[in-house]
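>
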Amino acid sequence: MELSLATRTVGEHTVLEVGGEVDVYTAPRLRERLLELIDAGARHVVVDLGRVDFLDSTGLGVLVGALKRLRTADGTFALVCDKEPLLKIFRITALDQVFPLYPTVEAATGANQ
1 MELSLATRTV GEHTVLEVGG EVDVYTAPRL RERLLELIDA GARHVVVDLG RVDFLDSTGL
61 GVLVGALKRL RTADGTFALV CDKEPLLKIF RITALDQVFP LYPTVEAATG ANQ
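At position 17 of the sequence shown (counting the first as 1) the number is 17 in the UniProt record's numbering, and the numbers step up by one without a gap.
Next comes the structure, spelled out in structure tokens:
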């Protein structure tokens with residue numbers, strides 16, 4: 001499965017729409033894109049996982065890394081996820097206590113303003 005990445009701006013937020021599978025093979029592309037956005041000055045990043053079919057520990061590591069990087073830059077990082085299989089992964093790993101999780105991009109971008 002191919003990984004798709006698309007970026008758009010909603011207010012002061014940079015929204016990265018992710019689709020496909022985020023695994024050991026595709027996670028480096030996701031990491032690279034997130035670092036590009038942060039290095040370019042994005043400080044309020046929302047990652048939309050609405051079209052992600054699979055997420056493994058490598059993908060989780062990339063998301064944690066981006067969260068840490070943004071926190072040190074006084075930024076915000078949120079995830080949009082409404083798929084129960086993915087939400088279960090966040091609950092099992094207790095990352096639902098680490099990441100702000102929202103059901104929609106609108107909820108994520110409105111919550112940080």
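Glycine included, each C-beta is placed from N, C-alpha and C at the ideal position.
(1) Return the first residue and the last residue of the beta strand (DSSP E) that Glu17 is part of.
(2) Shortest alpha-carbon distance to Glu32 belongs to which of Arg69, Thr76, Asp82 and Gly11?
(3) Thinking just about the alpha-carbon of each residue, which of Asp96, Glu36, Gly110 and Thr14 is nearest to the one in Leu60?
(4) Give, in chain order, every unbroken run of the alpha helix (DSSP H) that is at least 4 residues long and sits entirely within the UniProt domain "STAS" (3-112).
(5) How big is the Cα-Cα spacing for Glu21 and Leu86?
Let me spell this out:
(1) Looking up residue 17 in the sequence shown gives position 17. It spans His13 to Val22 - the beta strand (DSSP E) in which Glu17 sits, taken as one unbroken run.
(2) Residue mapping note: residue 32 aligns to position 32 of the sequence shown, counting from 1. For Glu32, the closest alpha carbon among the candidates Arg69, Thr76, Asp82 and Gly11 is that of Arg69.
(3) Sequence index remark: in the sequence shown, residue 60 carries index 60 (1-based). Cα-wise, what sits closest to Leu60 is Asp96.
(4) 27-39, 57-72, 84-92 and 105-111
(5) To locate residue 21, count along the sequence shown from 1; it is residue 21. To locate residue 86, count along the sequence shown from 1; it is residue 86. Spanning the two alpha carbons is a distance of roughly 11 Å.
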